[in-house]
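Taken in sequence, the protein lines are chains A and B. Each residue of the first sequence is one higher than the last, beginning at 1 in our numbering. Each residue of the second sequence is one higher than the last, beginning at 413 in our numbering. A virtual CB, placed ideally from N, CA and C, is assigned to each residue, including glycine.
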Amino acid sequence: MPHKPVLRRLAVPFAVAAVTLAACGTSEPDAPAADSADWSAVLSDAKGQTVNWYMYGGDDALNAFVKDEVAPRLAKRGVTLKQVRITDTADAVNKVLGEKQAGRTSGGAVDAIWVNGENFATGVQADIWSCGWADDLPNAKYVDLTADAVKSDFGVPVDGCEAAWQQASSALVYDSADLDPADVASVDSLLAWAKTNPGKFTYPAPPDFTGSMAVRSLLYDQIGGPSTLAGAFDEQAYTKATAGFYDRLNQIEPSLWRQGETYPTSQAAIEKLYADGEISAYFTYGPGAVATQVTDGTYPESTREAIPSSGNISNYSFITIPKNAAHRSAAFVLADTLQDPEVQLALFEATGAYPGIDVSRTSETTQRTFADVPQSPSVLSLEELSANAQPELASAYLTRIEKDWTAQVLQK
Amino acid sequence: MTTLSVVTGSPAVRRALLLAPAMLVIGVFFVGGFAQAIAQSLGHQPLLGGGRWSLDAYRVAADDPAVRSSIALTLRIGILSTVLATTLGVGFALVVRRLGAGRAWLTRLFQGTLAVPHLVGALCIALLLSPSGMTSRTAHAVGLVDDAQQFPALTQDGFGWGIIAEYVWKETPFIAVIALAAMSVNLQRLEDVSRTLGAAPWQRLRHVTLPMLSAPVGAAALLVLAFTMGSYEVPVLLGRPFPAPLSVVTYQTFNDTDLTSRPEAMAIAVLLATLTTMIAAGYLVVTQLARRRHA
């Protein structure tokens with residue numbers, strides 16, 4: 001029978017192809033995940049699971065915190081942490097969207113995402129988030145669940161679909177060898193300084209997350225805070241608030257880096273410009289991380305931070321869980337662990353990130369330790385950062401501002 | 413004899429069956445992916461529950477200033493990088509072939525650069541050519557410019573010099589390696605024959621060497637063109653946010669937090685694929701005509 005080996009040779013690749021296709025089409029059946037309200041069931045269900053946490057991986061201090069602080073605590077609860085480092089949150093959201101498009105309703109690869117308001121809104125649009133669990137976490141008692149910025153993320157109701165774990169506060173980073181405190185007291189004085197020192201200030205082009213914040217900071221300054229734009233998107237309010245705003249941004253272009261002919265594309269790019277001495281000031285969402293940059297010599301010793309008189313922008317970072325997550329219970333445990341006051345303290349010490357919990361709800365010892373964390377002279381204290389913090393706008397405003405900025409400033 | 417043995421015994425059918433697994437993969441991932449892109453560019457929106465068939469996405473893309481100013485830039489970067497890399501690569505290969513002992517060493521150097529990822533190449537170009545980079549600092553140190561800011565902008569520039577420099581730097585050795593491999597003993601013999609028949613060096617190059625190189629180098633140049641027109645990370649690191657090549661515009665539109673932008677992203681992707689295919693097809697037609705005339 002000379003044809004038999006041929007058939008046998010064919011059988012293997014076909015079987016492989018068939019299995020591959022089958023794996024694409026269907027998904028493994030999962031046991032129903034434990035109810036978040038029954039925490040002991042969650043804990044026992046999570047034992048032995050591996051949680052795939054998709055998060056921004058470009059911050060060494062934060063990565064060290066995850067490896068040294070979060071992973072061992074999860075291991076104690078029988079959960080293995082797999083940190084999946086990504087450069088853009090949209091990548092993780094796209095992965096879940098792709099799974100949804102392929103009909104994968106369970107056994108998904110993404111268990112938890114460190115998400116921001118805009119990407120959260122994308123997921124709400126496609127209905128991919130698991131909801132109604134965040135308030136059930138035991139450590140949620142430390143979080144001020146009634147705060148506006150915790151109840152709604154960039155204007156999108158949170159509805160227990162995500163759990164707060166840190167707070168981002170914006171600040172202006174500047175080199176005090178080039179600018180005086182008077183130059184950074186307000187946006188006006190900053191722009192006046194830029195005019196006499198052309199090329200030494202710029203911001204990343206939106207839709208970069210931080211570039212978008214920088215543009216909003218300038219807008220807040222023009223309209224005296226975000227109060228006229230509070231709530232859902234309103235065309236009339238938007239038109240009124242931005243009257244003349246983009247013209248003003250075009251007018252300051254000659255004072256910007258490269259005469260505003262172009263803008264850096266990312267926060268990483270603008271930090272490099274500052275480290276290289278090409279620019280002397282920039283806006284950041286992570287003022288705490290600046291201390292490390294100064295210590296390791298990337299930034300000059302004379303680096304300082306300021307909050308312009310119009311206030312700084314503040315928002316919460318959240319952990320969200322996709323509906324099709326394979327290890328939902330482990331993801332609950334991760335979200336809960338991140339809200340643990342001790343973990344929050346370690347996060348603050350390691351990265352300078354402002355805690356996602358309300359510190360006044362923790363024990364007095366913890367509060368004192370928070371207050372005693374030594375501060376680099378280059379960074380602002382928690383009090384200074386939160387003194388005049390302003391809320392974010394609804395994500396529909398953000399998208400509109402980014403689009404209009406692109407059309408009326410970048411492409412002009 | 414069963415029917416099955418007759419069927420599997422035929423060489424054509426056997427070949428087809430053996431190729432089937434590979435074709436299946438190409439079919440699913442390439443053809444399937446492209447078909448999905450076309451479907452989504454025509455309004456199919458699986459994430460938002462269906463959608464409506466229309467050419468709206470193409471209309472939006474045609475009106476988008478980001479896309480309009482991108483087409484010329486994409487073509488400029490793709491064609492200029494390919495032409496420069498091909499010319500330089502063939503030139504280097506011809507020079508290297510003349511070298512005696514240095515040939516093996518230089519060939520290895522060319523091959524070495526193939527292993528460098530484009531991302532690393534782009535970072536090197538940034539370190540070299542950016543306003544705070546080595547070239548500008550050197551120019552400042554030797555007094556060519558008074559201030560680093562006076563140095564001409566070679567990265568994030570409007571023309572795309574930084575991007576082109578990276579592609580030429582990376583792709584020239586690739587072309588050179590292909591050309592060197594094509595300069596076989598056979599070519600040497602043909603050249604020797606033409607020399608004994610009295611052909612001058614320039615004639616040998618024009619009528620023997622270059623025609624022999626044209627097929628493999630042409631194929632390699634097509635690869636370079638397709639790559640440089642579709643690559644993302646180099647222009648994102650060395651280019652401007654506006655105008656940006658189509659690959660960057662596609663990705664940015666795809667990553668828009670508003671999912672209703674996805675059809676436009678897919679429309680731009682289809683446009684990019686069509687542009688690249690058209691240039692490649694045009695090149696093939698021209699070379700076929702030239703070859704026929706030559707023959």
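Separation of residue j from residue i, as counted between CA atoms
{"i": "A/S309", "j": "A/D404", "result": "25 Å"}
{"i": "A/C24", "j": "A/Y274", "result": "Note that A/C24 scores a pLDDT of 45, beneath 50, so its modelled location is shaky; the value from the coordinates is reported in the next line. Looking at the two C-alpha atoms, the distance is approximately 46 Å."}
{"i": "A/K436", "j": "A/G160", "result": "Because chain A in this structure spans residues 1 to 412, residue 436 of chain A falls outside the shown range and cannot be described."}
{"i": "B/P543", "j": "B/H530", "result": "21 Å"}
{"i": "B/A679", "j": "A/G98", "result": "18 Å"}
{"i": "A/G48", "j": "A/K323", "result": "20 Å"}
{"i": "A/S130", "j": "A/V158", "result": "11 Å"}
{"i": "A/N52", "j": "A/G78", "result": "14 Å"}
{"i": "A/P207", "j": "A/E402", "result": "6 Å"}
{"i": "B/G503", "j": "B/L635", "result": "19 Å"}
{"i": "B/R426", "j": "B/V440", "result": "21 Å"}
{"i": "A/V93", "j": "A/Q390", "result": "27 Å"}
{"i": "A/A346", "j": "A/N315", "result": "20 Å"}
{"i": "A/T242", "j": "A/F370", "result": "40 Å"}
{"i": "B/T662", "j": "B/R471", "result": "15 Å"}
{"i": "B/K582", "j": "A/A102", "result": "37 Å"}
{"i": "B/I394", "j": "B/L637", "result": "No information on residue 394 of chain B is available, as it lies outside the stretch 413 to 707 that chain B covers here."}
{"i": "B/E549", "j": "A/R304", "result": "Strictly speaking, residue 549 of chain B in this sequence is Arg, with Glu absent from that position. Looking at the two C-alpha atoms, the distance is approximately 27 Å."}
{"i": "B/A692", "j": "A/S176", "result": "55 Å"}
{"i": "A/L190", "j": "A/I279", "result": "13 Å"}
Closest Cα partner of residue i within the set the options
{"i": "B/I575", "options": "B/G490, B/A484 and B/M435", "result": "B/G490"}
{"i": "A/N116", "options": "A/T320, A/C131 and A/D159", "result": "A/T320"}
{"i": "A/M213", "options": "A/Y397, A/T80, A/Q411 and A/A407", "result": "A/Y397"}
{"i": "A/F289", "options": "A/E235, A/A268, A/A330 and A/I279", "result": "It should be noted that the sequence gives Ala, not Phe, for residue 289 of chain A. Looking at the Cα atoms, A/A268 is the closest of the given residues."}
{"i": "A/V409", "options": "A/L172, A/A41, A/E253 and A/I128", "result": "A/E253"}
{"i": "A/A232", "options": "A/A121, A/P204, A/S363 and A/I223", "result": "A/A121"}
{"i": "A/A331", "options": "A/N63, A/D60, A/L179 and A/L74", "result": "A/L74"}
{"i": "A/Y203", "options": "A/L218, A/E384 and A/W193", "result": "A/L218"}
{"i": "B/G572", "options": "B/T621, B/A551, B/G651 and B/L637", "result": "B/G651"}
{"i": "A/Q251", "options": "A/A194, A/V70, A/T298 and A/R216", "result": "A/A194"}
{"i": "B/F563", "options": "B/M546, B/E578 and B/A577", "result": "B/M546"}
{"i": "A/A353", "options": "A/V184, A/A168 and A/V215", "result": "A/A168"}
{"i": "B/A538", "options": "A/I128, A/A237 and A/D276", "result": "A/D276"}
{"i": "B/L649", "options": "B/R471, B/L566 and B/T498", "result": "B/L566"}
{"i": "A/A109", "options": "A/T50, A/R216, A/D135 and A/D60", "result": "A/T50"}
{"i": "A/G123", "options": "B/T669, B/T689, B/G694 and B/R703", "result": "B/T669"}
{"i": "A/R248", "options": "A/S227, A/Q166 and A/D221", "result": "A/D221"}
{"i": "A/Q83", "options": "A/A182, A/F65 and A/A90", "result": "A/F65"}
{"i": "B/L506", "options": "B/V557, B/P613 and B/R480", "result": "B/P613"}
{"i": "A/S395", "options": "A/S106, A/T351 and A/V156", "result": "A/V156"}
Rounded Cβ spacing between residue i and residue j (contact assumed at less than 8 Å)
{"i": "B/S482", "j": "B/P653", "result": "Between B/P653 and B/S482 the Cβ distance is about 11 Å, and since that is not below 8 Å, they are no contact."}
{"i": "B/T525", "j": "B/P585", "result": "4 Å"}
{"i": "A/Q339", "j": "A/A140", "result": "6 Å"}
{"i": "A/A414", "j": "A/L380", "result": "Nothing can be reported for residue 414 of chain A, as the shown portion of chain A is limited to 1 through 412."}
{"i": "A/G311", "j": "A/G225", "result": "7 Å"}
{"i": "B/G455", "j": "B/A473", "result": "About 13 Å separates the two Cβ atoms, so there is no contact after all."}
{"i": "A/S329", "j": "A/A34", "result": "5 Å"}
{"i": "A/D45", "j": "A/A326", "result": "12 Å between Cβ atoms; not a contact."}
{"i": "A/I307", "j": "A/N388", "result": "6 Å"}
Opposing strand residues paired with residue i [DSSP bridges]
{"i": "A/W53", "result": "A/Q83 and A/A112"}
{"i": "A/S314", "result": "A/S169"}
{"i": "A/P322", "result": "A/W129"}
{"i": "A/S255", "result": "Answer is none; A/S255 lacks a bridge partner."}
{"i": "B/R515", "result": "Per DSSP, none; premise fails for B/R515."}
{"i": "B/H456", "result": "B/G463"}
{"i": "A/Q390", "result": "A/I313"}
{"i": "A/V124", "result": "A/V124 pairs with nothing; no bridge assigned."}
{"i": "A/P355", "result": "A/Q166"}
{"i": "B/S626", "result": "Bridge partners of B/S626: none, in fact."}
{"i": "A/F201", "result": "A/A281"}
7 Å Cβ cut-off: residues of chain D touching residue i
{"i": "A/D276", "result": "Among the protein chains of the structure shown, namely A and B, there is no chain D."}
### Message
Can you pull out the residues from the region 320-348 of chain A whose beta carbon lies closer than 7 Å to at least one beta carbon of chain B?
### Response
none
### Message
Taking beta-carbon pairs under 7 Å, can you tell me which members of the region 627-661 of chain B lie near chain A?
### Response
V648, R652, P653 and F654
### Query
Name the residues in the region 537-557 of chain B whose C-beta lies less than 7 Å from a C-beta of chain A; which are they?
P543 and S544
### Task
Quick one: which residues of the region 449-475 of chain B get their C-beta closer than 8 Å to a C-beta of chain A? List them in chain order.
P458, L459 and L460
### Task
Taking a Cβ distance cut-off of 7 Å, strictly less, list which residues of the region 669-690 of chain B are near chain A, in chain order.
T669, D670 and L671
### Query
Got a sec: which bits of the region 110-125 of chain A sit with their beta carbon under 7 Å from any beta carbon on chain B, in order along the chain?
E118, N119, A121, T122 and Q125
### Task
Could you name the residues of the region 86-99 of chain A whose beta carbon sits closer than 8 Å to any beta carbon of chain B, in the order they occur along the chain?
D88, A90, N94 and L97
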